[in-house]
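Reviewing the structure listed below.
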Amino acid sequence: MRTDEELMAAYISGEKAAFRELFQRYSPLLLRAMARDLRSPEEANDLVQQTFLHLHRSRLDFEPGRKLKPWIFTIALNLKREYFRRSKRRYETSLEDDRIAEPYEGPRGQEKSDAARETERALSALPPDHREVIELHWFGGLSFPEVAEAVGSTVAAVKVRAHRGYVALRARLGDEAPEHDGIPATKPSPEGSH
Amino acid sequence: MDCAEIRDAFVNGTVPPSPAVHAHLETCSHCRELFEHDAELGRSLASQATLAVPPSEELFGELETRLADETGLRAWLRSRPTRLRFLLVALTALCAVAVGGWLNRRSDFAAYPDARLMVLLGLYLLGILLAFEKELFLSVRRAAFADYGWFLLGALALPFVLALAPATDASRAAGPEGALGCFSYGALLTLPTAALLWAFDRDDELSLRTVCLSAAALGLSANLLLELHCSNGNFRHVLLGHASLGVAWLIAWALTRRISRARV
């Protein structure tokens, strides 16, 4: 099986089938990255299409030896940020006000278990910058250096965000207060501490 | 073993209690969180990660339709490599400055202080190139104002500051007349750069970032060439005929953005 970078190189040299294969590999990941924060599937689909349009327009910028995944996610996240800026909404607003009330849970691939829904809900309640790195790492399949490249941060900073997110997630999933790091849990601990 | 391999092992359901895992957990506090309480968090995230979503043929069909529209001169221009786009747009702006400012130098150029000339050339050219670089190269787009708002304000303010301090004695003595001529001259010479910036932009709908950075670059280009070309240092003249060009380009780009938004 060809790597993403080989497919991109093939597309640049005119092989249209390579673009379809890239779409098949990346559209589910991108749709998932878009879907959680957006109001409707149509908006998520549109942003995924725009990501591939940008990939097409930027194809001659792709340099041999570069990794495709962080590059395509940088494009996608920029488009998502631009979308929120345009619609004068913020991640925080969308998460806290809209998503939890009636979330669009993304494309239906298979039925989700109660545990999966619980995890998804716990993820939705995380601060956006914590959630972003966890989702990119786990659902986008990016390594931490790739996540750092995609979000424009350092590996150390990204790992700190992931760690804080994990602590908060564990507290929510396990219904217990985090033992360290100062991230408030949803429910207070018996001692009333954070 | 690294964090990505730990994640992959969870996703594949194959986390072995191996020495390699233990060695990694010794040094990685956030991966340790995944293993707490019988690896509850690691298993939960892995169960989410394995929810497969099939790629949509319908979505690809729509994308193909949009790709089929990618024809014509603008489609060709915006798909050029970024280094080439940067070079072309920078050369166009520098040509405007060279033709409008340097080849048609102000009548009192001999008396123009060398130090001021060097500082101005450095500041303006750096500002112009920075604006093009921030606009054209792919970078992570952060909050609007932190990313380029300050830059725009600086670019707009610089000519206003210069208007307070004319370069030569002769320029101080001039009257306010001729502001419209200078405004038209600066606008006309920077128009090709503006057209190129628009043609090179890869967004269907102009972003606020493009509006701000393009206005900053065009305003700086116009003011640099007018500073080299026009010997009139009258405050009102410089304010109306030179410094206002940055604001005028900002308005023009904002209107273009509005039109592009209506079309999308």
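Protein chains in written order, with the working numbering: chain A, 1 to 194; chain B, 1 to 264. Glycine included, every Cβ here is placed at the ideal spot set by N, Cα and C.
Per-residue contacts from B/CYS3 into chain A (C-beta, under 9 Å) | Here the neighbours are HIS137, SER143, PHE144, LYS159 and ALA162.
Along chain A, in chain order, which residues have C-beta atoms closer than 9 Å to that of B/ARG258?
-> Going along chain A, no residue has its Cβ under 9 Å from B/ARG258, so there is no contact; the nearest lies around 12 Å.
Could you give the distance in angstroms between the alpha-carbon of A/ILE183 and the alpha-carbon of A/ARG172?
-> Note that A/ILE183 has pLDDT 35, beneath the 50 cutoff, so the model's placement of it is unreliable and the number below is only indicative. If I take the Cα positions, the gap works out to 11 Å.
Examine the Cβ distances between the region 110–130 of chain A and the region 45–64 of chain A and report whether three or more of them are shorter than 8 Å.
-> No: fewer than three Cβ pairs fall under 8 Å.
Where does A/ARG36 land, buried or exposed, given buried means 16+ other C-beta within 10 angstroms?
-> When all chains shown are included, A/ARG36 counts as buried.
With DSSP as the reference, label A/MET1 as helix, strand or coil.
-> Secondary structure of A/MET1 (DSSP, three-state): coil.
Leaving out the 5 sequence neighbours to the left and right, which residues in its chain are closer than 6 Å to A/THR29 when beta-carbon positions are compared?
-> Before going on, a small fix: residue 29 of chain A reads as Leu here, not Thr. Excluding residues within five positions, the ones whose Cβ falls inside 6 Å are GLY140.
Chain-ordered neighbours of A/THR74 on chain B, where CB pairs are closer than 7 Å = Residues of chain B with a Cβ closer than 7 Å to the Cβ of A/THR74 are, in chain order, LEU138 and VAL140.
Sorted by chain position, which residues of the same chain lie with C-beta nearer than 7 Å to A/ARG212's C-beta, five sequence neighbours on each side aside?
-> A question about residue 212 of chain A goes unanswered here, because the residues of chain A that appear run from 1 up to 194.
Taking the alpha-carbon positions, what's the B/ALA179 to B/HIS242 distance?
-> B/ALA179 and B/HIS242: Cα-Cα distance of roughly 8 Å.
Rounded C-beta distance between B/ALA199 and B/LEU77? I'm assuming under 8 Å.
-> Sure, about 5 Å apart at Cβ, within 8 Å.
Contained alpha helix (DSSP H) runs [length at least 4] in the region 72–140 of chain B, N- to C-terminal order = Here the runs fully enclosed are 72–78, 82–97 and 114–136.
Proximity winner among A/LEU55, A/LYS67, A/GLY65 and A/PRO64, relative to A/ASN78 (alpha-carbon distances) = Of the residues A/LEU55, A/LYS67, A/GLY65 and A/PRO64, the one whose Cα lies closest to the Cα of A/ASN78 is A/LEU55.
Nearest chain B C-beta to A/ALA9 closer than 7 Å, yes or no?
-> The beta carbon of A/ALA9 does not come within 7 Å of any beta carbon belonging to chain B, so the residue lies off that interface.
Please go through the same chain and pick out, in chain order, the residues whose beta-carbon is closer than 8 Å to the beta-carbon of B/GLY246, but skip the five residues on each side of it.
-> Once the five neighbours on either side are set aside, the close Cβ partners of B/GLY246 are ALA155, LEU156, PRO159, ALA215, ALA216, LEU218, GLY219, LEU220, ALA222 and ASN223.
Between the C-alpha atoms of B/VAL11 and B/GLU40, what's the straight-line distance to the nearest angstrom?
-> A direct Cα-Cα distance of roughly 13 Å separates B/VAL11 from B/GLU40.
Could you pull the start and end residues of the alpha helix (DSSP H) that A/ASN45 belongs to?
-> Counting along the chain, the alpha helix (DSSP H) containing A/ASN45 begins and ends at 41–57.
Is it a yes or a no for the region 178–195 of chain B touching the region 63–82 of chain A, going by three-plus beta-carbon pairs under 8 Å?
-> The way I'd put it, the region 178–195 of chain B doesn't touch the region 63–82 of chain A; fewer than three beta-carbon pairs between them come closer than 8 Å.
Grouping DSSP H, G and I as helix and E and B as strand, with all else coil, what is B/THR190?
-> It is helical.
Excluding the five sequence neighbours on either side, which residues of its own chain have a C-beta within less than 6 Å of the C-beta of B/HIS237, listed in chain order?
-> Counting only Cβ-Cβ distances below 6 Å, and skipping sequence neighbours, we find PRO176 and ALA179.
Of all Cβ atoms in chain A, is any one closer than 7 Å to the Cβ of B/SER214?
-> Closer than 7 Å: no.
Nearest neighbour of B/LEU213, chosen from B/GLU5, B/ALA52, B/LEU225 and B/LEU197 [CA to CA] | Across the set B/GLU5, B/ALA52, B/LEU225 and B/LEU197, the C-alpha of B/LEU197 shows the shortest separation from the C-alpha of B/LEU213.
Leaving out the 5 sequence neighbours to the left and right, which residues in its chain are closer than 6 Å to A/LEU53 when beta-carbon positions are compared?
-> Taking C-beta separations shorter than 6 Å and ignoring five residues to either side along the sequence, A/LEU53 has no partners in its chain.
Supposed contact pair A/LEU136 and A/ALA150 - C-beta distance, whole angstroms, cut 8 Å | Separation of the CB atoms of A/ALA150 and A/LEU136 is rounded to 6 Å, and the pair is thereby assigned contact status at 8 Å.
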